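Numbering (the working numbering), first residue to last: 1 to 393.
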C-alpha cells in the first residue's frame with residue numbers, strides 16, 4: 001500500500017461521508033489538522049453510566065451525580081468547590097474530574113448598544129472558536145461553533161479559509177451554551193436579566209461533519225433539567241452546506257429542530273464555485289433531501305442565501321431560485337437572503353441595497369416566504385471566522 005493511501009486511511013473520520021477523502025470533494029484541512037488531540041472528558045461528554053462510575057471512583061454514591069447535573073444544567077454552575085450540598089472533602093476532586101475548563105475567553109467584541117456580544121474562545125489545545133450572543137426584543141439567540149475551522153472551503157467565508165483543524169467535543173459545544181445562558185440569567189447582557197431562548201449551529205464549522213457531538217449537544221440543550229438546559233428543540237437550528245447523508249440522519253432522529261441549508265446559488269454551475277461540497281451533493285440532491293426533511297418534520301426549512309454583488313444577486317438568480325423551490329408545490333421553505341459580511345481584501349462583496357430589494361420582491365411575487373436577514377454586529381468582525389483569523393495572524 002502506498003504512503004499516500006496510508007496517510008488517507010490514517011486521517012480521522014470527519015463524519016461527513018465514509019472516509020471523507022474521496023470523490024469530487026475533499027475536506028480542506030488546516031496545517032494544524034494533524035496535531036490535534038482530544039479535549040479533556042467533561043460532564044457533558046459522559047453518559048449517565050460513565051458519570052456514576054466516575055463518582056464511584058471518588059467514593060461517592062449515585063445520587064451525587066444528579067446533584068452535579070442540577071448544578072450544571074439547572075444553575076449553569078461548574079464551580080464545584082462552592083457546592084454547599086456536596087461533601088466538602090470531595091469538591092476539589094469533583095471539579096477536576098467532572099468540570100475541566102474547556103473554553104477560555106480570549107476577547108470579546110460588543111455591538112448594537114450591548115445587545116450583540118461576539119466572543120473568541122481558546123480551547124485546550126490553543127485552537128480558537130467563536131460564538132455570538134444576540135438579544136432581540138422577544139428572544140435571545142446564541143450562534144455556536146461545532147468545529148475548529150471548517151473543511152468546506154467556501155471561498156467567500158472567513159471560516160472556510162481557515163480549513164478544518166478538528167471536530168469539537170460535545171462538552172466544548174455545550175459549554176458555549178452554558179456560559180451564554182448564565183450571562184443572560186445574571187444580567188450581563190444589555191437589557192437586564194433574561195433567558196437564552198434560541199440556539200443556531202451557524203458558527204464555525206459544518207455541523208453535519210461533526211454529527212455525533214452535535215446531536216449529543218442538541219439533546220442536552222433541549223432536555224429539561226437536570227438532563228439538559230430546557231431550550232425547546234423547536235428553537236434550535238442546525239445548518240449545513242448540503243451534506244445529504246447528515247440531513248437524512250437528522251430526519252431519522254425525529255427531533256423537531258429546524259434545518260437550515262446554505263444554498264447560496266440556484267444552479268449547479270454557480271454553486272460548484274461558491275460551495276465546493278456541491279460537487280459531491282448537487283442542488284437537486286440537496287433540495288430533495290431538504291424537502292424530505294420538511295415532509296418528515298412538518299417544519300419549514302430555512303434556505304440561507306448570502307447575496308454577493310454581481311455574482312448571485314441578480315433577477316435571473318432570484319427567478320431561478322423561486323422556480324427551484326416552487327417545483328415541490330408547497331410552502332416548504334423560508335428563504336433568508338443574507339447581506340454578505342465581506343472578508344477584508346476579498347473580491348466577494350455585499351450586494352447593492354437595490355439588488356437586495358429586487359431579489360426579495362421577485363421571491364415574494366413568486367409566493368416564496370423570504371426575509372432579509374438582520375445583520376447584527378456590522379461595526380465588529382461580524383462574519384464568523386474573522387475574529388479567529390485576526391487573532392491567529
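C-beta atoms are modelled at their ideal positions from N, C-alpha and C, and glycine is treated no differently.
Quick caveat: nothing in here was measured; it's all calculated off a predicted structure.
Asked, Found
"Residue nearest to residue 169 in terms of C-alpha spacing, selected from 342, 220, 344, 119", "220"
"Anticipated Cβ contact below 8 Å, residue 149 with residue 165, distance rounded", "5 Å"
"Candidates 197, 158, 328, of which the one nearest residue 349 by Cα", "158"
"N-terminal and C-terminal residue of the beta strand (DSSP E) that residue 334 is part of", "333–339"
"Other residues of its chain near residue 373: CB distance less than 6 Å, five sequence neighbours each side excluded", "336, 338"
"Of the residues 173, 152, 362, 234, the one placed nearest residue 272, counting alpha carbons only", "152"
"For residue 201 and residue 133, the rounded distance between their alpha carbons", "12 Å"
"Residue interval of the alpha helix (DSSP H) (run including residue 419)", "It is not possible to answer for residue 419, since the shown part of the chain is limited to 1 through 393."
"Distance, residue 79 Cα to residue 325 Cα", "50 Å"
"Cβ neighbours of residue 15 in the same chain (closer than 6 Å, five flanking residues each side left out)", "Per-residue confidence for residue 15 stands at a pLDDT of 49, beneath the threshold of 50, marking its modelled position as unreliable; no derived number is given."
"Any 3 or more C-beta pairs closer than 8 Å across the stretch 225–238 and the stretch 267–286", "no"
"Coarse secondary structure for residue 354, derived from DSSP in three states", "helix"
"Three-state class that DSSP yields for residue 314 in the structure shown", "coil"
"Residue range of the beta strand (DSSP E) that includes residue 298", "No beta strand (DSSP E) contains residue 298, which DSSP labels as neither H nor E."
"Cutoff 7 Å; reference residue 85; Cβ partners in own chain excluding five residues on either side", "67"
"Three-way DSSP call (helix, strand, coil) for residue 370 in this model", "strand"
"Beta-carbon spacing of residue 203, residue 131 below 7 Å", "yes"
"Which residues DSSP lists as bridging residue 199, in chain order", "142, 236"
"Residue 322 burial status per 10 Å Cβ neighbour count (16 or more: buried)", "buried"
"C-beta contact flag for residue 175 and residue 102 at 7 Å", "yes"
"Exposed unless 16 or more other CB atoms sit within 10 angstroms - verdict on residue 304", "buried"
"Inter-residue spacing [alpha-carbon to alpha-carbon] between residue 53 and residue 61", "10 Å"
"Residue 84, enclosing alpha helix (DSSP H) - first and last residue", "Counting along the chain, residue 84 falls outside any alpha helix (DSSP H), and DSSP gives it neither H nor E."
"Start-end ranges of the beta strand (DSSP E) lying completely within the stretch 44–111, minimum 3 residues", "104–111"
"Any non-hydrogen atom of the ligand FMN within 6 Å of residue 46 CB", "For the ligand FMN, the structure offers nothing, since it holds no ligand at all."
"Candidates 99, 73, 58: closest to residue 87 by CA position", "58"
"Reference residue 309; option with closest CA among 277, 215, 260, 156", "156"
"Where residue 321 sits in the DSSP three-state scheme", "helix"
"Reduced DSSP secondary structure (H/G/I, E/B, other) of residue 169", "coil"
"Burial state of residue 172, where buried means 16 or more other Cβ atoms lie within 10 Å", "buried"
"Inter-residue spacing [alpha-carbon to alpha-carbon] between residue 139 and residue 180", "13 Å"
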